[in-house]
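Colleague:
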Amino acid sequence: MQSNTYLNFNGDCQAAFKFYEQCLGGKIIAMMSYGESPMAEQAPPEQRDRIMHVHLTVGDMVLMGADFPPEFFEKPQGFNVNLQFDNVEEGERIFNALAGNGTVKMPFQETFWATRWGMLVDKFGTPWMINCNPPA
25 MQSNTYLNFN
35 GDCQAAFKFY
45 EQCLGGKIIA
55 MMSYGESPMA
65 EQAPPEQRDR
75 IMHVHLTVGD
85 MVLMGADFPP
95 EFFEKPQGFN
105 VNLQFDNVEE
115 GERIFNALAG
125 NGTVKMPFQE
135 TFWATRWGML
145 VDKFGTPWMI
155 NCNPPA
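Adding 24 to a residue's 1-based position in the sequence shown gives its number in the working numbering.
Written out as structure tokens, the structure is:
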């Protein structure tokens, strides 16, 4: 079994995933707007440029998302996308990149359980936790 995070957005999914692709060093392997889909004629005209589905890979990790129809969109709450690193420098680089124009909730610092750990909400409203394990 594999669990993948599926993020919902309210019109800025494409910009968010291009940002994640750049920050995380991943690759968008699929992105389709409502207007490009087989259901394009059923989509309201104002919805056609919005993203119906996007799939990003970063190593073995998969991150997916979409612009939900406005009546179904809910602001993210009650979860964090957690990224685990062995390399502190890489964890810090990604923390700082994701934090750009976002809100740091807990600074990236040493804790009793991790070499470094921090929490942030990025400029698109996605909550993240970055954790770096202590050396084994």
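Ideal Cβ positions, reconstructed from N, Cα and C, are used throughout, including at glycine. Predicted, not measured: the structure shown is a model, and the values here were computed from it.
1. Report the rounded CA-to-CA distance for aspartate 146 versus proline 100, giving the unit in angstroms.
2. Could you check whether leucine 87 and tyrosine 58 sit closer than 9 Å to each other, using their CB atoms as the reference points?
3. I'd like the span of the beta strand (DSSP E) that includes alanine 39, first residue to last.
4. Enumerate, from N- to C-terminal direction, the unbroken alpha helix (DSSP H) stretches of 4 or more residues contained entirely within the stretch 85 to 112.
5. Considering only their Cβ atoms, is the gap separating arginine 140 from isoleucine 161 smaller than 9 Å?
6. In the DSSP assignment, what are the bridge partners of glutamate 54?
7. Are phenylalanine 148 and alanine 39 close, meaning C-beta to C-beta below 9 Å?
8. How is the beta strand (DSSP E) around methionine 143 delimited, first residue to last?
9. Smallest Cα separation from proline 94: which of Tyr30, Ile75 and Val112?
10. Within 10 Å of its beta-carbon, does methionine 55 have 16 or more other beta-carbons around it, so buried, or fewer, so exposed?
11. My guess is that valine 128 and leucine 144 are in contact by the Cβ rule of under 8 Å, so how many angstroms apart are they, rounded?
Modeller: With the structure as the only source:
1. Looking at the two C-alpha atoms, the distance is approximately 11 Å.
2. Not closer than 9 Å, so no.
3. Premise fails: alanine 39 lies in the alpha helix (DSSP H), 37 to 48, not in any beta strand (DSSP E).
4. Listed in chain order, the alpha helix (DSSP H) runs fully inside the stretch 85 to 112 amount to none, counting runs of at least 4 residues.
5. The structure shown does not extend to residue 161, since the chain is modelled only from 25 through 160, so no value can be given for it.
6. Note that residue 54 is alanine in the sequence shown, not glutamate. According to DSSP, alanine 54 bridges with His79.
7. Less than 9 Å separates the beta-carbon of phenylalanine 148 from that of alanine 39.
8. Unbroken beta strand (DSSP E) run through methionine 143: 140 to 145.
9. Of the candidates Tyr30, Ile75 and Val112, the residue whose Cα lies closest to the Cα of proline 94 is Ile75.
10. So methionine 55 counts as buried.
11. With a contact defined as Cβ atoms closer than 8 Å, valine 128 and leucine 144 qualify at about 5 Å.
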